[in-house]
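Okay, so the sequence shown: first residue is 5 according to this note's numbering, each after it adds one.
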Amino acid sequence: MFHRPLYGALLMLLPLLAEASGFSRLAELTDQGFLVGAEARLLGGGERLGAIEPERQLSPASVSKVYVAAAALARFGPQHRFTSRLVSTVEPDAEGVLKGDLVFDGGGDPALTSEDLWRLVQRLYQAGVRRVDGRLVISQWRFGPVECLTTDRCEARERVDNAYSALLSSAGVNFGSWCVAVAPAATAGQSARIDSCDSQAPIVEIDNRVQTLPDDSGTELNAERIQRDGNDVMVLSGQVSTNARPRQIYRASSDPAWQTAHTLRAMLEQAGITLGDGVAVAATEPPASARQLAAVDGEPLQELLLRTLNYSNNFMADVLTLSLVETPRVSLSQGGAALEAFVAGIPDHGPVTLRSGSGLTPENRTSAAGVTALLEYMYHRPSLFPSFVAALQSPGNGVMRFHRRGSATFQHHVMLKTGTLNQPVSVRAVGGYFRTRSGQWGVFSALVNGTATTPWLGWRQVLDPLAADLEEMIDAH
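Written out as structure tokens, the structure reads:
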């Protein structure tokens, strides 16, 4: 009689232990105090191969990007292109003079680059425009400036030492970041040569503190974008060897619409199109009477998603999130609500909280079972699935080197998206597809969150056991 309650409790635990056995190595993180949610299932029959508290609500970090990828494909389709335009309410006269404002109508293209602006300027030139007597106006009426919701983005308005904290606008270019190229001077002892990546003349102000040293002295560069007297300044310091190759450095701008204004003005001038009354940024839509003078279409959405997920580009993910909302002047919270509305239509997903598509917002919450439900949902949409799965990475062939772990089985039988946060707690999250030895498709997700009392969490601690656990599942089926 004394042993029966214990025996009964053990019987109740057996199903949980059997499921967790599929993640026997990953489960060891729970003993270290980390919060873990994981699930792996075969598609088709739905057999669950392993689980660790799969319904637990945890931060997914950049695994949030699979949600915006799925929602954007469902909303726009794989071949959708965002269009950026130059418009005006006046026509150029016989001498090519535009006696009014030239307006850049930002179309919300998350991957608009300098190359696209060059094409736009060339088409304006081909349309006969040689001089603009009015202003160059950057219209971000769709969205922007967007309220910053994270510490990194809010601080980036004044100073920043990275590119991932770029602020958001429907009229942004180059992922909201300045780019400068650093090259050695001809002789040691001189200051390095620092130029804009996008123009013959400097677009952003440069504070050059980089010294050129003799051959093979090594290159060490530090860069920070600051605000000085209301202008963006790239402050660079360190050293570069005389035989070093040029390096490109990216730092988020303080205002992506103004960055577009300065970049586009430089390109117009280089093309021989002069400006009269300077530049301005507007939050109003161009008037209905405005006539299109030039336009450029961006890459198809399926190409944008490849860049968004492969490089975990926060600017692209959140611009796509904002584009999901049809009304203008949208906030990132409204974009998150649009993602949540999309998720509400996914069978068996369960609760979700999405404040952004990038995952930079630490309030984002989902479950491992929710991620696998999303992945299964996309698998059963044949017109969208090829573009969706192609945006994920194969560990053996992907651009992220830290993915290249485990055996050849994990390297070449898995497609995944990872997510990382370090504040306010450590987050390492993974989700994706696998193919078994017999060719069956499966879905998996592992969300690992730290707490205020847990130590630092590195990717080796998560990917190594996860790779070994998935390898066993793949080989067993």
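Glycine residues also receive a C-beta, built at the ideal position from the N, C-alpha and C atoms.
Per DSSP, cross-strand counterpart(s) of residue i
i: Met419; result: Tyr437
i: Phe448; result: Ala44 and Gly436
i: Ala286; result: Ser143
i: Tyr254; result: Cys183
i: Gln243; result: Gln215 and Glu224
i: Ala108; result: The sequence shown places Phe at residue 108, not Ala. Answer is Leu90 and Ile142, bridged to Phe108.
i: Thr357; result: Arg369
i: Ser195; result: Gln215
i: Arg135; result: Val101 and Thr278
i: Glu303; result: Glu303 is not bridged to any residue.
i: Arg295; result: Ser92
i: Asn235; result: Arg232
i: Ser200; result: Val184
i: Ile210; result: Met238
i: Leu364; result: Answer is none; Leu364 lacks a bridge partner.
i: Thr424; result: Arg432
i: Leu378; result: Paired residue(s): none; Leu378 is not in a bridge.
i: Leu39; result: Asn453
i: Leu62; result: Thr370
Buried or exposed (CB count within 10 angstroms, at least 16 for buried), residue i
i: Asp473; result: buried
i: Leu18; result: Confidence at Leu18 is low in this model, with a pLDDT of 42, below 50, so the placement of that residue is unreliable and no value is reported for it.
i: Ser442; result: exposed
i: Val460; result: The sequence given here places Trp at residue 460; Val does not occur at that position. Flag for Trp460 reads exposed.
i: Val403; result: exposed
i: Gly148; result: buried
i: Ser380; result: The question names Ser, but residue 380 is Glu in the sequence shown. Buried.
i: Gln263; result: buried
i: Ala294; result: buried
i: Ala292; result: exposed
i: Phe319; result: buried
i: Glu43; result: buried
i: Arg8; result: Residue placement at Arg8 is flagged as unreliable, the pLDDT there being 47, under the threshold of 50; a coordinate-derived value is accordingly withheld.
i: Ala170; result: buried
i: Gln233; result: Sequence check: residue 233 is Asp here, not Gln. Its Cβ having fewer than 16 others within 10 Å, Asp233 is exposed.
i: Asn453; result: buried
i: His384; result: exposed
i: Asn368; result: buried
i: Ala265; result: buried
i: Gly37; result: exposed
i: Phe406; result: exposed
i: Asp236; result: buried
i: Glu95; result: exposed
i: Pro351; result: exposed
i: Arg29; result: exposed
i: Ala480; result: exposed
N-terminal and C-terminal residue of the alpha helix (DSSP H) that residue i is part of
i: Ser118; result: Ser118 to Gln130
i: Trp463; result: Trp463 to Ala480
i: Glu32; result: Glu32 to Asp35
i: Gln397; result: Run containing Gln397: none; DSSP gives neither H nor E here.
i: Asn317; result: Asn317 -> no alpha helix (DSSP H), and no H or E assigned at all.
i: Phe406; result: No alpha helix (DSSP H) contains Phe406, which DSSP labels as neither H nor E.
i: Val72; result: Lys69 to Phe80
i: Leu336; result: Leu336 to Val347
Boundaries of the beta strand (DSSP E) in which residue i is found, first to last residue
i: Glu224; result: Glu224 to Arg232
i: Gly4; result: This structure cannot settle anything about residue 4, because the visible part of the chain is limited to 5 through 481.
Would the region 189-207 and the region 159-172 be scored as touching if the rule is three or more Cβ pairs under 8 angstroms? With a cut-off of 8 angstroms, the region 159-172 and the region 189-207 do not count as touching, because too few Cβ pairs lie within range.
>> I'd like to know if the region 383-396 and the region 417-436 are in contact, where contact means that at least 3 CB-CB pairs between them fall below 8 angstroms.
In response: At 8 angstroms Cβ cutoff, the stretches touch.
- Message: My parser needs the alpha helix (DSSP H) runs of 4 or more residues fully inside the region 151-184; what are they?
- Response: Runs found: 155-160.
Hey, is the region 342-358 in contact with the region 323-331, meaning 3+ C-beta pairs nearer than 8 angstroms? Enough Cβ pairs lie closer than 8 angstroms, so yes.
Item checked: Three or more C-beta pairs below 8 angstroms linking the region 307-324 and the region 109-118 -> Touching, yes.
Do three or more CB pairs link the region 219-234 to the region 124-136 at distances below 8 angstroms?
Not touching, per the Cβ criterion.
Can at least three beta-carbon pairs, one atom from the region 244-258 and one from the region 179-188, be found at a separation below 8 angstroms? Verdict: yes, contact present.
Do the region 330-341 and the region 59-66 make contact, defined as three or more Cβ pairs closer than 8 angstroms? With the rule of 3 Cβ pairs closer than 8 angstroms, the region 330-341 does not count as touching the region 59-66.
| the region 87-97 in contact with the region 442-459 per 3-pair CB rule at 8 angstroms | With a cut-off of 8 angstroms, the region 442-459 and the region 87-97 do not count as touching, because too few Cβ pairs lie within range.
Specify whether the region 270-287 and the region 138-158 touch according to this definition: at least 3 beta carbon pairs, one from each stretch, less than 8 angstroms apart.
Output reads yes: the region 138-158 touches the region 270-287.
- Message: I'd like to know if the region 70-87 and the region 296-303 are in contact, where contact means that at least 3 CB-CB pairs between them fall below 8 angstroms.
- Response: Contact between the region 70-87 and the region 296-303 is present: three or more C-beta pairs spanning the two stretches fall below 8 angstroms.
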